[in-house]
Amino acid sequence: MSAGTPPLPGPPKPQVKALNCPKCGAAITLRCFGQAETVVCGSCRCILDAKDPNLAILQQFEIKTSDVKPFIPLGTRGKLRGTDYEVIGFQRRHITVEGITYSWHEYLLFNPYKGFRYLTEYNGHWNDISICKQLPMLDSGFSTGGAANYLGEVYRHFQTSDANTDFVLGEFPWQVRVGEHAVVTDYVHPPRVLSSEKLDKEVTWSIGEYMYGREIWDSFKLPGSPPEAIGVYENQPSPVTTNVTSVWLAFAAFAIFLLALMAGFDLRAKKEPVLHETYTYNRADAKNEPSFVSDVFELSGRTSNVEVKTYAPVSNHWIYLNYALINQDTGQAWDFGREVSYYYGYDSDGSWTEGKQNDSVVIPSVPPGHYYLRIEPEADPSLPNISYTVDVIHDVPVFGIYAIAFVALLVPALLISLRAYTFERSRWSESDHPPVQLSAMTGSSEDDS
Amino acid sequence: MFRKLYLLFGFLTLGTAAFGQYRGWSLDSVNELKNVPKSVRDNPGSYRSVYSGYHHYTGGK
Chain Y
1 MSAGTPPLPG
11 PPKPQVKALN
21 CPKCGAAITL
31 RCFGQAETVV
41 CGSCRCILDA
51 KDPNLAILQQ
61 FEIKTSDVKP
71 FIPLGTRGKL
81 RGTDYEVIGF
91 QRRHITVEGI
101 TYSWHEYLLF
111 NPYKGFRYLT
121 EYNGHWNDIS
131 ICKQLPMLDS
141 GFSTGGAANY
151 LGEVYRHFQT
161 SDANTDFVLG
171 EFPWQVRVGE
181 HAVVTDYVHP
191 PRVLSSEKLD
201 KEVTWSIGEY
211 MYGREIWDSF
221 KLPGSPPEAI
231 GVYENQPSPV
241 TTNVTSVWLA
251 FAAFAIFLLA
261 LMAGFDLRAK
271 KEPVLHETYT
281 YNRADAKNEP
291 SFVSDVFELS
301 GRTSNVEVKT
311 YAPVSNHWIY
321 LNYALINQDT
331 GQAWDFGREV
341 SYYYGYDSDG
351 SWTEGKQNDS
361 VVIPSVPPGH
371 YYLRIEPEAD
381 PSLPNISYTV
391 DVIHDVPVFG
401 IYAIAFVALL
411 VPALLISLRA
421 YTFERSRWSE
431 SDHPPVQLSA
441 MTGSSEDDS
Chain D
450 MFRKLYLLFG
460 FLTLGTAAFG
470 QYRGWSLDSV
480 NELKNVPKSV
490 RDNPGSYRSV
500 YSGYHHYTGG
510 K
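Keeping their order, the protein sequence lines are chains Y and D.
Sequential numbering from 1 applies to the first sequence in this note's numbering.
Sequential numbering from 450 applies to the second sequence in this note's numbering.
This is the structure:
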């Protein structure tokens with residue numbers, strides 16, 4: 001524009017005005033246009049009226065909390081769940097329970113088209129919070145201190161407490177103050193949390209969804225690693241709870257299948273007796289050579305097991321049999337020793353018995369062929385002679401295999417349930433409804449007495 | 450994740466149980482030997498069991 005050009009007619013153009021803190025003169029940046037109610041001077045911690053052209057000082061708080069440093073610096077932009085947001089405000093709030101102060105951080109996010117959103121962080125647990133679009137329905141009859149229904153989901157009451165604001169920074173679309181008290185009530189339905197915040201007579205409902213620190217770091221491209229999450233948070237999704245029911249359903253199905261398998265193999269097993277002999281052990285004869293062999297018997301069909309059963313009518317004695325099941329054609333053998341002993345008596349505790357007159361052993365995976373048993377008996381020196389019966393049965397069901405399979409199926413289901421239980425227990429131990437109150441139990445018993 | 454792993458584990462367990470039952474597995478411990486001489490049939494004393502010499506329990510409470 002040349003120097004001699006006269007000014008154009010019409011209203012004057014809007015001019016950019018630099019905003020400075022009226023207290024310390026530091027530059028003030030407004031990021032959410034005209035929607036901020038208050039803005040906090042980052043230099044002197046004055047809370048200023050953003051609606052006032054002169055930025056009137058509303059409050060000033062001491063810088064004793066200057067060590068409070070947001071994980072996400074003000075002005076940081078990021079894409080949260082597909083929408084771009086800028087961090088414009090930060091506040092630290094706390095509650096005091098039984099003399100212990102618990103602090104958490106809240107970040108105010110802004111998008112000119114989508115409005116405001118909040119991120120909260122407590123001990124490395126994050127929540128993405130937005131204002132509820134409709135009013136939740138409260139149900140005070142719920143067994144654990146009430147519940148709320150929001151969009152068809154039931155949220156269990158978790159905690160009601162007095163929240164105090166002790167540090168603020170940036171812009172806020174409400175009249176923020178340090179020292180502000182609000183009654184905060186949380187209802188949970190992991191991974192969501194429904195919160196009501198009562199300030200004077202105004203109640204604000206918000207809905208939050210649990211987020212992992214890594215998601216926040218990725219969204220805002222923050223350097224380093226997010227702080228490690230400590231403990232279990234109120235709406236933290238359990239890594240196993242959702243699986244417990246389905247795992248037990250699967251276990252039930254497997255157990256039924258196992259029963260069917262057991263019945264099927266039991267019906268299919270040949271249980272074929274291939275040898276039934278009664279022998280007599282005579283100590284006098286056994287002095288030379290006690291061992292002998294049985295008749296040859298045939299095991300037909302596929303490779304299967306062989307059960308060797310021994311019966312000896314021992315009474316306060318024992319008999320021991322060194323067995324060898326030998327394949328006549330190949331020389332393959334299975335060597336095993338079995339003791340049959342049975343004792344009984346009477347003492348100051350009453351009558352007692354020990355051992356059995358029967359014994360059974362199952363030899364695994366014996367191929368078909370012609371076999372005989374080599375038997376070498378030994379017996380109690382006080383026994384001059386004793387008869388014993390040997391039965392050999394081909395292809396018998398082994399129920400111990402099903403028992404092991406059952407236990408193997410049961411153990412993971414129990415472990416998953418235990419893990420879910422301990423997780424939920426940790427969660428609710430921090431609530432107004434802890435699972436077991438030992439002190440309360442002790443107190444009630446004292447009251448009773 | 451847990452459910453899928455458990456399903457896989459369950460099918461493997463049932464499959465192993467069925468295979469073991471079909472192949473005639475046993476929970477008892479026996480000692481398998483190869484090439485036992487054929488002469489044992491005629492002379493049982495020529496074979497010595499690995500279990501002979503076992504120290505027997507004499508029973509009683």
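Every residue, glycine too, gets a C-beta built ideally from N, C-alpha and C.
Since the model is a prediction, treat every value here as computed from it, not as a measurement.
Contact between the segment 379 to 393 of chain Y and the segment 276 to 290 of chain Y: three or more CB pairs below 8 Å?
Three or more Cβ pairs closer than 8 Å define a contact, and the segment 379 to 393 of chain Y meets that threshold against the segment 276 to 290 of chain Y.
Does the beta-carbon distance from Y:E234 to Y:V183 come in below 9 Å?
As a position in the first sequence, residue 234 of chain Y is number 234, starting the count at 1. As a position in the first sequence, residue 183 of chain Y is number 183, starting the count at 1. Between Y:E234 and Y:V183, the CB-CB gap reaches or exceeds 9 Å.
Nonlocal neighbours in the same chain, by C-beta distance under 8 Å from Y:I28, ignoring five residues either side
In the first sequence, counting from the first residue as 1, residue 28 of chain Y sits at position 28. Take Y:I28, set aside five residues on each side of it, and the residues of its chain with a beta-carbon closer than 8 Å to its own are L19, N20, C21, V39, C41, L48 and L55, in chain order.
Below-9 Å beta-carbon distance, Y:T303 vs any chain D residue:
Here residue 303 of chain Y corresponds to residue number 303 of the first sequence, with the count starting at 1. Chain D contact via Cβ: present.
Which ranges would you report for the beta strand (DSSP E) in the segment 102 to 147 of chain Y if only whole runs of at least 3 residues count?
Whole beta strand (DSSP E) segments, 3+ residues: 115 to 122, 125 to 131 and 137 to 139.
Cutting at 6 Å between CB atoms, please list the residues of its own chain near Y:I131, excluding the five before and the five after it.
Reading the first sequence from its first residue, position 131 is the one you call residue 131 of chain Y. Around Y:I131: S206.
Cβ shell of Y:T389 (< 6 Å), same chain only, five flanking positions each side left out:
As a first step, residue 389 of chain Y is located in the first sequence; it is residue number 389 there, counting from the start. Listed in chain order, the non-local C-beta contacts of Y:T389 below 6 Å within the same chain comprise T278 and Y311, local neighbours out to five positions each way being set aside.
Which residues in chain D sit within 8 Å of Y:Y372, going by Cβ to Cβ distance?
To locate residue 372 of chain Y, count along the first sequence from 1; it is residue 372. Chain-order list of chain D residues neighbouring Y:Y372: R490, by C-beta distance under 8 Å.
Is it true that the CB of Y:P70 sits closer than 9 Å to the CB of Y:F116?
Within the first sequence, the letter at position 116 stands for residue 116 of chain Y. Within the first sequence, the letter at position 70 stands for residue 70 of chain Y. Not closer than 9 Å, so no.
Could you give the distance in angstroms between the alpha-carbon of Y:L108 and the alpha-carbon of Y:E98?
Mapped onto the first sequence, residue 108 of chain Y falls at position 108. Mapped onto the first sequence, residue 98 of chain Y falls at position 98. Here the alpha carbon of Y:L108 sits roughly 29 Å from the alpha carbon of Y:E98.
C-alpha gap between Y:Y122 and Y:W104, whole angstroms:
Indexing the first sequence from 1 puts residue 122 of chain Y at position 122. Indexing the first sequence from 1 puts residue 104 of chain Y at position 104. Approximately 5 Å, taken between the alpha carbons.
Supposed close pair Y:A324, D:Y496 - CB separation, criterion 8 Å
What you label residue 324 of chain Y is simply residue 324 of the first sequence in a count that begins at 1. What you label residue 496 of chain D is simply residue 47 of the second sequence in a count that begins at 1. Contact between Y:A324 and D:Y496 holds, since their C-beta atoms are separated by about 7 Å, short of 8 Å.
Three CB pairs or more closer than 8 Å across the segment 327 to 334 of chain Y and the segment 477 to 496 of chain D
Short answer: they touch.
Answer yes or no: does any C-beta atom of chain D fall closer than 9 Å to that of Y:Y388?
Taking the first residue of the first sequence as 1, we reach residue 388 of chain Y at position 388. For Y:Y388, the answer is no, since every Cβ of chain D falls outside 9 Å of its Cβ.
Could you check where the beta strand (DSSP E) with Y:Q159 kicks off and where it finishes?
Numbered from its first residue, the first sequence carries residue 159 of chain Y at position 159. Looking at the DSSP string, the run of the beta strand (DSSP E) that includes Y:Q159 is E153 to F172.
Output, in chain order, the set of chain D residues within a Cβ distance shorter than 7 Å of Y:Q328.
Against the first sequence, residue 328 of chain Y aligns to sequence position 328. Those are R490, listed as they occur along chain D.
Need the endpoints of the beta strand (DSSP E) that Y:D359 sits in, please.
Within the first sequence, the letter at position 359 stands for residue 359 of chain Y. Note, Y:D359: beta strand (DSSP E), N358 to V366.
Closest by C-alpha distance to Y:Y89, when choosing among Y:V176, Y:V392 and Y:G146:
Position 89 of the first sequence holds residue 89 of chain Y. Note that residue 89 of chain Y corresponds to Gly in the displayed sequence, not to Tyr. Y:V176 is the residue among Y:V176, Y:V392 and Y:G146 whose C-alpha sits nearest the C-alpha of Y:G89.
Supposed contact pair D:S478 and Y:V362 - C-beta distance, whole angstroms, cut 8 Å:
To locate residue 362 of chain Y, count along the first sequence from 1; it is residue 362. To locate residue 478 of chain D, count along the second sequence from 1; it is residue 29. About 10 Å; that fails the 8 Å criterion.
Would you be able to state if there are at least three C-beta pairs under 8 Å between the segment 356 to 373 of chain Y and the segment 299 to 311 of chain Y?
Short answer: they touch.
Roughly how many whole angstroms lie between the Cα atoms of Y:D295 and Y:Y402?
In the first sequence, counting from the first residue as 1, residue 295 of chain Y sits at position 295. In the first sequence, counting from the first residue as 1, residue 402 of chain Y sits at position 402. Taking the Cα positions, Y:D295 is about 34 Å away from Y:Y402.
Show which residues of chain D have a CB atom less than 8 Å away from the CB atom of Y:S291.
In the first sequence, counting from the first residue as 1, residue 291 of chain Y sits at position 291. For Y:S291, the neighbours in chain D by C-beta distance under 8 Å run, in chain order, P493, G494 and Y496.
Y:T96: first and last residue of the uninterrupted beta strand (DSSP E) it sits in
As a working mapping, residue 96 of chain Y is identified with position 96 in the first sequence. It spans T83 to V97 - the beta strand (DSSP E) in which Y:T96 sits, taken as one unbroken run.
Starting from the Cα of Y:K23, find the closest Cα among Y:C46, Y:L373, Y:D395 and Y:G34 and give me that residue.
As a first step, residue 23 of chain Y must be located in the first sequence, where it is residue number 23. For the residues Y:C46, Y:L373, Y:D395 and Y:G34, the minimum Cα distance to Y:K23 belongs to Y:C46.
Cα-Cα separation, Y:T65 to Y:R81:
For the purposes of this step, residue 65 of chain Y is taken as residue 65 along the first sequence, with counting starting at 1. For the purposes of this step, residue 81 of chain Y is taken as residue 81 along the first sequence, with counting starting at 1. Because the pLDDT at Y:T65 is just 49, under 50, the model does not fix this residue reliably, and the value given afterwards should be weighed accordingly. Going by the C-alpha atoms only, they are around 32 Å apart.
Kindly say whether Y:A452, judged by its beta-carbon, lies nearer than 9 Å to any beta-carbon of chain D.
Shown here, chain Y extends from 1 to 449; a query on residue 452 of chain Y therefore has no answer.
Taking its Cβ as the centre, do 16 or more other Cβ atoms sit within 10 Å of Y:A163, making it buried, or is it exposed?
For the purposes of this step, residue 163 of chain Y is taken as residue 163 along the first sequence, with counting starting at 1. Under the 10 Å beta carbon count, Y:A163 is surrounded by 16 or more other beta carbons and is classified as buried.
Relative to the alpha-carbon of Y:G264, which residue among D:A466, D:P493 and D:F458 has its alpha-carbon at the smallest distance?
Position 264 of the first sequence, counted from the first residue, corresponds to residue 264 of chain Y. For Y:G264, the nearest C-alpha among the options comes from D:A466.
Out of Y:W217, Y:K114, Y:Q236 and Y:S196, which has the shortest C-alpha to C-alpha gap to Y:A148?
Within the first sequence, residue 148 of chain Y is the residue found at index 148, counting from 1. The shortest C-alpha to C-alpha distance from Y:A148 to any of Y:W217, Y:K114, Y:Q236 and Y:S196 is the one to Y:S196.
What three-state label does DSSP hand Y:G264 in the structure shown?
Counted from its first residue, the first sequence places residue 264 of chain Y at position 264. Residue state for Y:G264 is assigned as helix, using DSSP reduced to three classes.
When the Cα of Y:S43 is compared with those of Y:R77, Y:D200 and Y:L169, which residue comes out closest?
Counted from its first residue, the first sequence places residue 43 of chain Y at position 43. Closest in C-alpha terms to Y:S43, from the list Y:R77, Y:D200 and Y:L169, comes Y:L169.
Compare the C-beta of Y:T65 with all C-beta atoms of chain D and state if any pair is closer than 9 Å.
For the purposes of this step, residue 65 of chain Y is identified with residue 65 of the first sequence, where counting begins at 1. Residue placement at Y:T65 is flagged as unreliable, the pLDDT there being 49, under the threshold of 50; a coordinate-derived value is accordingly withheld.
Quick check on the DSSP output: the beta strand (DSSP E) that includes Y:L383 runs from which residue to which?
The residue you call residue 383 of chain Y lines up with position 383 of the first sequence. For Y:L383, there is no enclosing beta strand (DSSP E), as DSSP marks it with neither H nor E.
Pick from Y:K221, Y:E106, Y:G152 and Y:L261: whose alpha carbon is nearest that of Y:E171?
As a working note, residue 171 of chain Y is residue 171 in the first sequence. Closest by alpha carbon: Y:E106.
Just to confirm the assignment, what range does the alpha helix (DSSP H) spanning Y:W428 have?
Here residue 428 of chain Y is taken as the residue at index 428 of the first sequence, counted from 1. That run of the alpha helix (DSSP H) goes F399 to S429.
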